[in-house]
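These notes concern the structure reproduced below.
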Amino acid sequence: MSKIWRRILIAVGVLAALAVLVLAIPFLVPMDAYRGQIETAGATATGRTMKIEGPVRLTLYPHLGLKAQQVTLANVKGGKASVMVDVGDINLSLQLWPLLHGAIALDKIVLVKPVIALEVDNDGNPNWQFGKKTDKSEKKGTLTLPSGTRFNGIEISDGMVTYDNAKTKTHRAVEHVNLVVGITEIDQPVSLTGDLFIETRKLGFQGRLATLKSFLSSGTTNFALALDSELLKADFNGQMLPDGTTDGRFQMTSPSLRELSGWLGQKLPAGGLGALNLKSRIINKEKVTHLEALKVSLDGQNMTGDLTIDASNTVPVLGGTLNADRLNLTPYLEGGKTRAAPRPNEAWSREPISFALLKEFNGKLAFSTGSLTAQSLHLGRASLHLTVDNGLANIVLDQVSLYGGSGQGDMTIDARGKVPQFLSRSTLHNVELQPLLKDMLQVDAISGVGALTLDLRFAGSSPNAILHSLSGKGSLSAQNGRVKGVDLGRVAKTVSIVLGGDATGDVASTDFHDLGASFVLAQGVMSTNDFRLAGPVVEMTGHGGIDIGNKTIDFRVKPGAHVAGYGLAVPFRISGSWSKLHYAPDVGAIMEGASDSLKNGAAAIGALFGGGQKNGQKPEDKKKNTGNALKDLFGIH
1 MSKIWRRILI AVGVLAALAV LVLAIPFLVP MDAYRGQIET AGATATGRTM
51 KIEGPVRLTL YPHLGLKAQQ VTLANVKGGK ASVMVDVGDI NLSLQLWPLL
101 HGAIALDKIV LVKPVIALEV DNDGNPNWQF GKKTDKSEKK GTLTLPSGTR
151 FNGIEISDGM VTYDNAKTKT HRAVEHVNLV VGITEIDQPV SLTGDLFIET
201 RKLGFQGRLA TLKSFLSSGT TNFALALDSE LLKADFNGQM LPDGTTDGRF
251 QMTSPSLREL SGWLGQKLPA GGLGALNLKS RIINKEKVTH LEALKVSLDG
301 QNMTGDLTID ASNTVPVLGG TLNADRLNLT PYLEGGKTRA APRPNEAWSR
351 EPISFALLKE FNGKLAFSTG SLTAQSLHLG RASLHLTVDN GLANIVLDQV
401 SLYGGSGQGD MTIDARGKVP QFLSRSTLHN VELQPLLKDM LQVDAISGVG
451 ALTLDLRFAG SSPNAILHSL SGKGSLSAQN GRVKGVDLGR VAKTVSIVLG
501 GDATGDVAST DFHDLGASFV LAQGVMSTND FRLAGPVVEM TGHGGIDIGN
551 KTIDFRVKPG AHVAGYGLAV PFRISGSWSK LHYAPDVGAI MEGASDSLKN
601 GAAAIGALFG GGQKNGQKPE DKKKNTGNAL KDLFGIH
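As numbered in full-length UniProt numbering, residues 1 to 637 make up the sequence shown, in order.
Listed below in structure tokens is the structure:
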């Protein structure tokens, strides 16, 4: 029993002695002696002046350690911020016995409310390159720690990081940064986990570093990083090389590329750029990023290829080759608005077409796609090259399949000014005219297989403005088709009287084996002098204008000498809006024809009005028939 009490008393004595020692430590250890050590160590490691403006105290709870307040690390000379790092409190958890011998052995470092100012000057030099360049020091940009340094971790609580780039005129800030770094020795693996806020959205992250030693000494370092927020989920697994290159596998998903970009500080123009899924090998050095073996899905469009992004300029410069299953440009052109095509009797839309995306990047890209859609225009498999330079774009269609045929062309879009300017040249072969003209001009009356050439210049920010500004030239030829909605042969015969329902309307049509014209355009009006149409029962020529901008027509048609099955045919005029055409005799052409007939003698006049005098016919009957013919011809009853 006495031995038990003896041991208890010894234990009590030890605890009492320890309590006295703990109470005495603040008086035994000279705190001001460590202020200079900490400042010197910080300056040696970074090459910058480090100051502890506040007090340095010994803490006993919850861990033995030092607490330094108002700690700053100087910025580079000429920097925007007066200091690069400003920490409210630095808590250093220490090992006891080295401290009693005047040495600092770290257990954990906790930074409370640090403010870190990252800056890039006008020449592109960052302020986070540490170290003095001397004969005995590491090269500039290398941050070193003493060999054998051991500690259990680093924590950052409620920090803030700002980023100012004088070269690109950009500013970023992240707030409420919380970080836990798991580290024991600088040559052992490092883990990190934490979160931060960009504006009002939280971003969580987890990472792994092979060793801190290789990282600080600019050696090859394997690392992984995962990001998680409501707008972004991303993973990277790769390595950092001594020359600063980052190389590894990267994947990311986002419900909206537009919202993600805006959240990260780069506002994009309206239209498209929604759900994104990306996988690639990524190689980055300085501000140039290569995406190899790229697989990306954007707005439901799947693409593969290789892409280079050079972010060293005000806007990124893109280069590479992309292969897409389909491309739908409509959302990007319409600025995110869904609009229905106007009806034939409605004016062209005045809703603006956006080309703002052409100012968001420069570069040269090669595309191939299974299909290409641009508003109402639908193309099949296409191969094209795109060049963009500060809002000036050139698109070359090397080969495209469309509307059953094929074509080539090029277009220049100049979006540098307030009003976009366009140049377009195209040649189409063996295309189905009905779907083509319906998509281009909402005209579906002409069917057949044909060829079309266009050399156009136009301007405007809406379909209405563009179609009113059309100028240039072109030609059209078609074979084995039909003009729907009108029987031109019957019109030529009956235009002098009230047109019957079988001459116009849905059931009426005109078959042809050849149709064609060359034309010029000015201010949206297409004019031709050599229209031709030839079919099994009718041959016609014509001239006039089609006002594309206002959807009207004023056209004169002259039937050939013989319209099979219809007898006498007279020149006629087609006028009015596209949705309500009017047919009437072309009096000028008729009188011109009558004058020619008079010159050719009575036989010609007789032929004009139904033939010469028949056997047994009296002169007065002939006069009467001639009068009736004139009445019929001019619609006088």
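Don't be surprised by glycine CBs; every beta carbon is placed ideally from N, CA and C.
Only a predicted model underlies this, so the values are computations on that prediction, with no experimental measurement involved.
Inter-residue CB distance, residue i and residue j (contact presumed, cutoff 8 Å)
i: E155; j: V180; result: 5 Å
i: G524; j: S469; result: 6 Å
i: K359; j: G320; result: 20 Å between Cβ atoms; not a contact.
i: D121; j: A166; result: 5 Å
i: S280; j: F250; result: 6 Å
i: residue 638; j: G448; result: Nothing about residue 638 can be read from this structure; the chain reaches only from 1 to 637.
i: S471; j: R457; result: 5 Å
i: T221; j: M240; result: 5 Å
i: S477; j: A451; result: 5 Å
i: T308; j: V288; result: 7 Å
i: T541; j: F531; result: 6 Å
i: L322; j: G305; result: 4 Å
i: W348; j: N464; result: 4 Å
i: D86; j: Q69; result: Not confirmed; about 11 Å, so no contact.
i: L231; j: S254; result: 6 Å
i: I413; j: F355; result: 6 Å
Residue of the options minimising C-alpha distance to residue i
i: G544; options: F519, L318 and G535; result: F519
i: R381; options: F367, D389 and V388; result: F367
i: Q399; options: Q375, S376 and S371; result: S371
i: D484; options: A508, S475 and S461; result: Reading off the sequence, residue 484 comes out as Lys, not Asp. Considering only alpha carbons, the answer is A508.
i: L273; options: L225, A117 and Q301; result: Q301
i: L581; options: Q266, T552 and I109; result: T552
i: R350; options: V315, S424, V419 and S462; result: S462
i: I534; options: I548, N550, A522 and K558; result: The question names Ile, but residue 534 is Ala in the sequence shown. Selected option, being the one with the closest Cα: K558.
i: V190; options: P435, A224, R172 and Y163; result: A224
i: A459; options: T44, A415 and I116; result: A415
i: V537; options: L521, F512 and V85; result: F512
i: V112; options: D123, N91 and Q95; result: N91
i: residue 638; options: L436, A393, L441 and Q37; result: The structure shown does not extend to residue 638, since the chain is modelled only from 1 through 637, so no value can be given for it.
i: G124; options: G153, V83, T168 and L94; result: T168
DSSP state of residue i mapped onto helix, strand, coil
i: Q206; result: strand
i: A275; result: coil
i: I38; result: helix
i: R172; result: strand
i: K233; result: strand
i: N178; result: strand
i: H63; result: coil
i: K108; result: strand
i: A68; result: strand
i: L58; result: strand
i: G79; result: coil
i: E286; result: coil
i: P585; result: strand
i: E259; result: helix
i: A17; result: Low local confidence applies: a pLDDT of 41 at A17 is under 50, so the model's placement there is unreliable, and no value is given.
i: N464; result: helix
i: K213; result: helix
i: W578; result: coil
Residue(s) in a DSSP beta bridge with residue i
i: N313; result: Paired residue(s): none; N313 is not in a bridge.
i: R201; result: I198
i: T46; result: None; T46 has no bridge partner.
i: L298; result: L276 and Q301
i: P559; result: M540
i: D514; result: A534
i: T162; result: A117 and A173
i: Q399; result: S383
i: A478; result: G450 and L515
i: P126; result: V120
i: E155; result: V110 and V180
i: K51; result: T72
i: I186; result: Partner(s): none; I186 has no beta bridge.
i: M240; result: T221 and T246
i: I90; result: A68 and L111
i: N394; result: T387 and T412
i: V525; result: A522 and D547
Which runs of the alpha helix (DSSP H) fall wholly inside the segment 316–379 and span at least 4 residues, in chain order? Taking only runs of at least 4 residues, the alpha helix (DSSP H) segments lying wholly in the segment 316–379 are 330–333.
Jot down the residue ranges of each uninterrupted beta strand (DSSP E) in the segment 402–449, minimum 3 residues, whole runs only, in chain order. Segments of the beta strand (DSSP E) lying fully in the segment 402–449: 405–414 and 421–432.
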